[in-house]
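Contents: one structure, followed by commentary.
Residue numbers (the numbering used here): 3 to 189.
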């Protein structure tokens, strides 16, 4: 991965940066990809963000298929190149259909056959677009997932919006021959 930030080499890192780097590399991610490439420049932010991210990605009560759907919907709405490229294969491997993925990438609501997926998408879209969730949709989500999982879903959305912003501002990109999933503004 690369970004518009200056590269931090381990020998030039502060003690705090090295500590955070070691925690990230020894955790479930085992790499400094994605937003961590930027966040390591601020080790306190990196430390807190990586812990929240580990919970959102690996320990939430939201099934991985649904959290990956929420992440892809976030990546599509933010048109976050690396976030999409990282999470598209994970979503597909965990049961999000190719048709759903293609619709998200195209910016349209998928034809869902699964009620939980439809509710996750609509809640995500409502929150990002209207900045609110209407009462009937809220009640439907609460009834499907329960309050603790619904709180976690909102946390996942907030975390991955922060990830998308970070990746977009610092132009974090995968080193790949694969074309970008979204057109870049001004191109």
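All C-beta atoms in this analysis are idealised placements derived from N, C-alpha and C, irrespective of residue type, glycine included.
Residue 67, DSSP secondary structure in three states: In the three-state scheme derived from DSSP, where H, G and I count as helix and E and B as strand, residue 67 is classed as helix.
Which residue's Cα is closest to the Cα of residue 82: 146, 94 and 164? Ranking the options by Cα distance to residue 82, first place goes to 164.
At which residues does the alpha helix (DSSP H) containing residue 22 begin and terminate? Per DSSP, residue 22 belongs to the alpha helix (DSSP H) from 17-28.
Which one of 5, 20, 77 and 173 has the shortest CA to CA distance from residue 108? The residue from 5, 20, 77 and 173 with its alpha-carbon nearest to that of residue 108 is 77.
In three-state terms, what does DSSP make of residue 124? Reduced to three states, the DSSP call for residue 124 is helix.
Please state whether DSSP places residue 11 in a helix, a strand or coil. Residue state, collapsed to three classes: coil.
Does the distance from the C-beta atom of residue 129 to that of residue 122 stay below 8 Å? Their beta carbons are not under 8 Å apart, which means residue 129 does not touch residue 122 by this criterion.
If you scan the segment 140-180 from start to end, which runs of the alpha helix (DSSP H) of 4 or more residues do you find wholly inside it? With a minimum length of 4 residues, the continuous alpha helix (DSSP H) runs that stay inside the segment 140-180 are 149-171.
Can you name the start and end residues of the alpha helix (DSSP H) that residue 6 belongs to? Careful: residue 6 lies outside any alpha helix (DSSP H) and carries neither H nor E.
If you follow the alpha helix (DSSP H) that residue 45 is in, where does it begin and where does it stop? Start and end: 45-56.
Enumerate in chain order the residues of its own chain whose CB-to-CB distance from residue 172 is below 7 Å, with the five nearest sequence positions on each side excluded. Leaving aside the five residues that flank residue 172 on each side, the residues in its chain whose CB is nearer than 7 Å to its CB run, in chain order, 5, 6, 7 and 40.
Are the CB atoms of residue 94 and residue 100 within a distance shorter than 8 Å? Against a cut-off of 8 Å, the Cβ pair of residue 94 and residue 100 comes out as a contact.
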